[in-house]
Every structure is written in structure tokens, then in C-alpha cells.
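Under my numbering, think of the first position of the sequence shown as 1092, with each following residue one higher. Glycine included, each C-beta is placed from N, C-alpha and C at the ideal position.
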Amino acid sequence: ISGVIDSSITMPSIDMLYAQIFYKWKSFVVKPSTTGLHFPAFIEALLLLVQRKYSSSGTLLSSVIELIESCVRQLDFCVEV
């Protein structure tokens, strides 16, 4: 989550997104998970998040790449410290 949360994406908005997707997908899965999202639900959440955060990137692919690069930069920073 580090590097994703800022003025455009807040922790409460991520919590709301998680809850909405969790309950939406809960009715589609045969074996419900006790924690976390199933992979298709995770992908949906990821795509919705990048569309909100990187809406000016042009394509969905470029938005996903931007998010991944941001996460990698944050991980590199954490390793250096």
C-alpha cells in the first residue's frame, strides 16, 4: 500500500473498495475464503484502483505499469533503509 495512498487514494477508500469487491465476489465463489480476496476479485480491485489513481495515464496497461513501478520503487527504498 505504501506509495499508493495519497490525497487521491485514501486508506478508507481502499477499505471501502475491498469490502465492495469482497461481498460482490462472495456470491460467485463455490468455496469462500476466510481471509483475503480470490484471485479474480483481487484483479478487479487492482484494475479499479489503477483506474482511480492513474486515470491520466492513457491506457489501462500504462496505468498498471505505473502502479507496479511505484511499488517497486517503494520496495527498493525499504530495502535501502
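Exercise for review: With a floor of 4 residues, list each alpha helix (DSSP H) that falls wholly inside the region 1106 to 1144, ordered by position along the chain.
Suggested key: Whole alpha helix (DSSP H) segments, 4+ residues: 1130 to 1144.
Practice item. Determine the direct distance from the alpha carbon of Lys1122 to that of Val1155, and round the result to whole angstroms. Key: Distance between the alpha carbons of Val1155 and Lys1122: 29 Å.
Exercise for review: Please list, in chain order, all residues of the same chain as His1129 whose beta carbon is under 8 Å from its beta carbon, the five residues on each side excluded.
Suggested key: Contacts found: Trp1116 and Val1120.
Check your understanding: Relative to the C-alpha of Gln1111, which residue among Asp1167, Thr1101, Ala1132 and Ser1146 is closest?
Key -> Taking only the C-alpha atoms, the option nearest Gln1111 is Ala1132.
Exercise for review: Put Asp1097 into one of helix, strand or coil per three-state DSSP.
Suggested key: DSSP places Asp1097 in coil when its eight states are reduced to three.
Point to revise | Beta-carbon gap between Arg1164 and Ile1100 smaller than 8 Å | key: Ile1100 sits away from Arg1164, with the two beta carbons spaced by 8 Å or more.
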